[in-house]
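Written below as structure tokens is the structure these notes are about.
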Amino acid sequence: MQHSAKYIIHAEIQTSGVVERSDVVGAVFGQTEGLLGEELDLRTLQESEKVGRIDVDIDSADGKSFGTFTISSGMDRVETAVLAASFETIERVGPCYADCRVIEIEDVRAAKRRNVVDRATELLQAFEERAVTGETLVEEVRKQTRAAGITQYAGLPAGPNVETSDAIIIVEGRADVRQLLGHGVKNVIAAEGTDVPDAVTQLTRDRTTTAFLDGDRGGDLILEELTQVGSIDYVAFAADGKSVEDLEHAELRDALEKKIRYDQVTDGTTPREAFAPTEGGTVAPAESTEDGTVAPAESTDGGAVADSTTGSTGSTTGNEEPAADHTTAETDDGPDEREPQTLRGHVEAVVGRETGQVRLLDGDLSTLAETDAAGAFDAVVDSESSPHTVVLDGTITQRILDITAQRGVGQVVGAASGEFVKQPTSVRVRTADDLL
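Mapping of the sequence shown onto the numbering used here: residues 33 to 468, in sequence order.
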């Protein structure tokens, strides 16, 4: 009967003497018998399973008894209320005087409804946490498709572009390779622990190499091994205490964009410690960032490319000095011709004024060359020394991005950025809106 109950009658009872549970049950049956007619007689209702058993909880103290009893009902509200009211007619329990009062008629279905609401809320929250929007579904498919492109290079997990790319990214293990592939980075290979394989060592000597490692002690150890047996150009770390495989897309891209040259690490400082200030430095204004963080790293890169291309550092310096003198002379002649001292100033002068020009800058933000934007590709190719920065009043195309990567340019700032099939990790791409 309990399973089909709609209501539960709760009553309390007090007696003038000591009574037991059986006395209370007998009083309920005996003193309500014939009171409500045969249809609502308690024994008849129990036999027809319209009411349940009487549950009594009785205690005694100081020669008196007091307690409660409950009875479940499967009848409608009116019949249940009539039955409950009949319990208040009980005047004696055994030999003792008694006082009985109904304190509540509980709606069992209301309690069930509350449970349904609570459980439905839990289920909905769990469902919403797992719900996939159209955008996330598409991104997940793309990620899985990219991750499926994991290949082998000398028996090591790698991306499909490792064999052909002129720049590679070394990570710790297969999960890291899968993570980068899932975000579109295909020139990645795993070192598979601190015992760096010969194949990876050889790659570091032949390619521009970035070590992208976990932000923990394990990352430090792998980098130490890599630098002992190979040649590392750049270093990037996941956030402190995080693994590369756990990074979100924005975190992964941000870490790669903020990579530093390994030779920038000062004595007594681990690369991970040197990398941390670089992350904080990006919060500073654009001028401070360009002059204090990115410029030195990329300038070193530019110098390295220039040395390997010309084979003569001295000749390059000799060519640059007259240009510097000439620039100084022009500056002295007229204050209106003064060259900007910050990257923002150059961007304002070239892009902000819609000059339709391209300006090549060295690591000190001095102008190496300036010409029409249509000749940007040829200007980068023909530059005697590798520019550190290219400021373009036009759209940054894949063709321009490729040549800047080949010449060791650190960053390109344009009026707009086009769609890139392949974006080199060594070149930072920005638009004028980021600086102005």
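A virtual CB, placed ideally from N, CA and C, is assigned to each residue, including glycine.
These numbers come from a predicted model, not from an experiment.
Shown here, F244 sits in a strand according to DSSP, grouped into three states. Here F159 carries a helix assignment [DSSP, helix/strand/coil]. Look at the region 188-263 and you find these whole runs of alpha helix (DSSP H), each 4 residues long or longer: 206-214, 230-238, 249-261.
For G84, the enclosing beta strand (DSSP E) has its first and last residue at 83-93. For D414, the uninterrupted alpha helix (DSSP H) run begins and ends at 408-414, by DSSP. Here DSSP, grouped into helix, strand and coil, assigns A59 to helix.
The beta carbons of T236 and A199 sit no closer together than 8 Å.
When secondary structure is reduced to three states using DSSP, S449 falls in the strand class. Distance from the CA of D434 to the CA of G384, rounded to the nearest whole angstrom, comes to 25 Å. The Cβ-Cβ distance between I202 and F269 does not fall below 8 Å.
Of V445, D73, E172, the smallest CA-CA separation from L468 is found for V445.
Each of R431, L392, D404 was checked against the Cα of S417, and the nearest Cα belongs to L392.
Sixteen is the threshold: when 16 or more other Cβ atoms of the shown chains lie within 10 Å of the Cβ of Y266, as they do, the residue is buried. The beta carbon of S105 lies closer than 6 Å to those of Y39, V83, T112 in the same chain, with the five residues before and after it left out.
Here DSSP, grouped into helix, strand and coil, assigns I432 to helix.
Counted as a single uninterrupted DSSP element, the alpha helix (DSSP H) harbouring H378 occupies residues 375-379. DSSP places Q443 within a strand segment (E or B) once states are collapsed to three. Judged by DSSP in its simplified three-state form, V423 adopts strand. Annotation: G395 to R293 spans about 15 Å, alpha carbon to alpha carbon.
CA-CA distance, G191 to E160, rounds to 34 Å. The beta carbons of Y129 and S54 sit no closer together than 8 Å. The beta-carbon distance between F101 and I45, rounded to whole angstroms, is 7 Å. This is short enough to meet the 8 Å contact definition. Its chain contains I122 as the residues whose beta carbon lies nearer than 6 Å to that of Q63, once the 5 sequence neighbours on both sides are disregarded; these appear in chain order. About 7 Å separates the Cβ atoms of A447 and T427, confirming a contact at the 8 Å cut-off. Of the candidates L67, V51, E386, D108, V51 places its Cα closest to the Cα of D89. Here H378 is buried: its Cβ has 16 or more other Cβ atoms, across all protein chains shown, within 10 Å. The C-beta distance from D246 to E204 rounds to 6 Å, short enough to fall under 8 Å. Buried is the label assigned to S275, since at least 16 other Cβ atoms lie within 10 Å of its Cβ.
Cβ atoms of V423 and V390 come within 8 Å of each other, at about 7 Å.
Of D252, I432, E256, A282, the smallest CA-CA separation from D272 is found for D252. For the pair I137 and I41, the Cα-to-Cα distance works out to about 5 Å. Minimum Cα-Cα distance from D425 among the listed residues D465, P456, E451 corresponds to D465.
The three-state secondary structure of E71, taken from DSSP, is helix. Our two residues, P419 and L375, have alpha carbons roughly 13 Å apart in a direct line. The Cβ-Cβ distance between V220 and V209 falls below 8 Å. For A113, the uninterrupted alpha helix (DSSP H) segment begins and ends at 109-119.
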